[in-house]
Structures are given as structure tokens and as C-alpha cells.
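All remarks here apply to the structure that follows.
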Amino acid sequence: MPHARITGVGYYAPENIVTNADLEAVMGTSDQWIRERTGIEQRHWFTRGTDTNANMAAKAAKMAMERAAVLPSEIDMIVYATITPDYFFPGSAFLMQRELGMEGITVFDIRQQCSGFIYALAVADNFIKTGMKRNVLVVGSELQSTLMDKDPASRAFGVIFADGAGAVVVQATEDPDHRILSTHLFADGTHAEELYVRDPGSSRYDRFISEELLQNGDFRLTFNGKAVFKHAVVRFSEAIQVALDANGYAPADLSLLVPHQANIRISEYVRDQLGLRDDQVFNNIQHYGNTTAASIPIAMGEAWEQGLIKDGDLLCLAAFGSGFTWASALIRW
Ligand code: UT7
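The C-terminal residue of the sequence shown carries number 1649 in this note's numbering, and the numbering is unbroken.
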């Protein structure tokens, strides 16, 4: 049975950088509050007419393919994680496919919020292990800044969420020493409304877009930050421990944990719960904010460039988010 190996990682963020100071003026917030509560110092937000969900992803995917030394013509599947696609349908995977000239292959979006990238990676891993595919692009891309009003009523989430894309190339290999060791996926819909955008939904009104919807619709992101935080710290640690146990490892064996970049305090809490050293946990939320499905591949890209992910390293990815969903992957790089 073939194994699946990550052979290249790339990422992209819009050129427009928005600092905490920029938000002070419009959101009734402060640089100090944002840094202390989240760790964020700046984020990237799209420029209308320049950035789209799919073209950011295409830039990330090109970088990943170059680093993997794989041609677009060799890719046989795209698994694309996003909750902010360019169209209501079809998914952004189709638009990125078109931009990269990959007609005819298998492509699809998956919508699993902050755990989306790990869910997508698990899909790729299993398609490769069963022999159905050999060279897969796994993407996480989000354009979230358009979901948020830039006003004080939106400050609780408006300072956090941001735009960007990341991608990895996953390829079939016979080498048991460099591969995805396991993936672990979990969900609990009991908490669906703790972090969600309700409208436009398909079932609340007689017509999808109607006067009634425009009058009464709830388009604002609804976010019970405290409840999400409490669940996140428990589920993150559980997911990591499950991955380590499944492969006979302990936290001390980890070379690097790359958590979904939700909040620096969550990363620190998880680090302490697992007894990890600071240098075993990678954070870059300071520069990107929370980019949902894109945060892990962006972080992997930066960690790899900084020489923090090396041949033979034991790497753990972990995420928690809306749904609730939580997930982990253990990788021998
Ligand atoms: O990626 C998916 C997973 N996401 C997460 O895991 C996020 C989990 N949650 C969090 O990270 C935190 O709950 C937040 C960062 C979202 C919020 O931090 P918090 O410590 O839970 O703050 P809070 O919501 O309890 O608000 C504390 C105070 C409130 O004022 P009062 O009632 O104490 O007077 C808020 O109105 O901070 C106020 N506040 C703000 N002040 C300045 C809320 N947002 C802001 C803001 N700037 N942006």
C-alpha cells in the first residue's frame, strides 16, 4: 500500500496589511486589547478587484508545486478547504483549477471551518493510500474580511479574522520513513450556533434572496468567544494526544506542533497542558490573524522557510473550530 508524503508547501497573503492601530480608529478597540487577548499585531485583508479566494489559493499552490518539483499537469486531485468561496456554487476549487489549467481532474471544496485543512489532508492521505490518486493539491484559503462590518459592534471578531491561502502537495511514496502517519477527525454539531453565520441560508425564507431576508436576515458572524475558547483548549489537547497515542509517541518526541492560529493564548495553554517547550510550538498569528482553513498551511510554509521543519522531523498539526470540529495529523517529514 502506498503512503502519502507532503513534498511542498506554499502560501500567500494579500498585500494590504491592516495593523491594530488601523482598527483602533474604526472599531472602538485598542492595540493593547488585541495583543493581550489574541496575540495579533497585524493581519492581511483583501483588495477588491485584486484578490479572490481562488487566486490567492492559486498563488499558494504554485509555490507548493515549485517546491515539490511537480508540474501542474501531474496533479490528479484538488481538495480545497474554505468557508468563504467566491461563488455560492460551484466551489473555489473549480476556479483555481481553471486558473492553473488542470481541466479534467478530480476537484472539490470541503467546508469544515478552522479544521478544514486537516480534514482536506486526511481526504488526500486516504485517496493516496487506497491507490486512487498519486499527486494531490491540498488547499486552505479564506477571504473573510468581507464578512465583517468594520464597526464597533463587530469588534469582538472583526479584529481576529483575516484573509490568506496556503497549500501543500501530497504525493504517493513507498518510503515508510517520510509520510503522513495518521489523521484524526472529530465533530460535534451540538454547538453549531456558538460560532456561525446564519444567513443567507437556503431554508429560512421562501426565496433565497428576498426583501424579507434583507430586512430580517442575520448576516453578522455570531461568536460566543468564551464558549469557543473553553472547548478549544480541551479539544486541541485531546486531538494531539490521540495522534501521539495512535503512533506510540509522547509530547517530548514532537519536533514541532503547528496549531491552527486561533489565539496565542490557546496555543500557550495547549503547550503547557502537554508539557511542550516554547520552541516546540509554532505561532504566526501575530502577523496573519486567524485565517481559518488557511492558517495551518500558512504557518507550515513559514516554519519550513525558517528551517523549523526538517527531514525526519515529527510534526503535529491540530485544529479546533466552528461546528464544533477538531482534528489532528501526525507527520514524519
Ligand atoms: O478559529 C476558531 C476558533 N476560535 C477560537 O478558538 C477563539 C476563541 N475565543 C477567543 O479567542 C476569545 O474569547 C476572544 C479573543 C474572542 C475574546 O476574548 P475574551 O477574553 O473572551 O473577551 P470577552 O469576549 O469576554 O470580552 C471582554 C471585554 C468585554 O468588555 P466588558 O464586558 O468586560 O466591559 C468586551 O466587550 O472586552 C470587550 N471587547 C473588546 N474590547 C476591545 C471585545 N472585543 C473587543 C475588542 N476591543 N476587539
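Glycine included, C-beta positions come from ideal geometry on N, C-alpha and C.
Spatial neighbours of residue i in its chain, beta-carbon cut-off 6 Å, leaving aside the 5 residues before and after
i: K1378; result: none
i: F1535; result: D1515
i: V1325; result: A1380, V1484, M1616, G1617 and W1620
i: T1422; result: M1393
i: G1474; result: M1343 and M1464
i: V1486; result: A1320, I1322, A1440, V1452 and V1454
i: A1635; result: C1430, S1431, I1434, H1576 and A1643
i: A1481; result: Y1328, M1372, A1373, A1376, S1457 and A1610
i: V1544; result: E1510 and L1511
i: F1552; result: V1586, A1634 and F1636
Helix, strand or coil at residue i [DSSP, three-state]
i: Y1512; result: strand
i: Q1602; result: helix
i: Y1565; result: coil
i: L1624; result: coil
i: D1534; result: coil
i: H1319; result: strand
i: Y1328; result: strand
i: F1539; result: strand
i: W1649; result: coil
i: L1387; result: coil
i: F1524; result: coil
i: T1641; result: strand
i: N1442; result: helix
i: A1610; result: helix
i: V1342; result: helix
i: A1503; result: strand
i: V1475; result: coil
i: L1560; result: helix
i: Y1403; result: coil
i: K1375; result: helix
i: N1579; result: coil
Same chain, Cβ closer than 8 Å to residue i, five either side skipped, listed in chain order
i: T1363; result: P1330, E1331 and N1332
i: R1351; result: N1336 and E1357
i: V1549; result: I1582, Y1585, V1586 and Q1589
i: R1495; result: H1319, A1320, R1321, T1489, I1647 and R1648
i: A1555; result: H1500, F1502, A1634, A1635, F1636, W1642, A1643 and S1644
Same chain, Cβ closer than 7 Å to residue i, five either side skipped, listed in chain order
i: W1361; result: P1330, N1332, V1334, S1461, A1478 and D1479
i: L1497; result: N1563, L1646, I1647 and R1648
i: G1447; result: P1318
i: F1410; result: V1423
i: D1522; result: none
i: I1525; result: P1516
Per DSSP, cross-strand counterpart(s) of residue i
i: E1458; result: G1480
i: D1425; result: Y1396
i: Q1358; result: T1335
i: C1632; result: L1573 and L1646
i: S1498; result: L1646
i: N1451; result: Q1487
i: A1436; result: None; A1436 has no bridge partner.
i: V1549; result: Its beta-bridge partners do not exist; DSSP assigns none.
i: V1597; result: L1573
Reference residue i, options the options, closest by Cα
i: G1637; options: R1353, P1401, E1509 and G1628; result: E1509
i: H1576; options: H1603, I1612, G1564 and A1562; result: I1612
i: I1434; options: K1375, K1449 and S1457; result: S1457
i: L1537; options: A1385, L1624, Q1596 and S1470; result: S1470
i: M1418; options: R1427, S1431 and L1387; result: L1387
i: A1416; options: A1397, N1599 and E1390; result: Here residue 1416 is Leu; the residue named in the question, Ala, does not match the sequence. Nearest of A1397, N1599 and E1390 to L1416, Cα basis: E1390.
i: L1511; options: Y1604, H1603 and I1399; result: I1399
i: Q1602; options: E1527, N1369 and I1476; result: I1476
i: G1505; options: E1527, G1639, E1340 and Q1348; result: G1639
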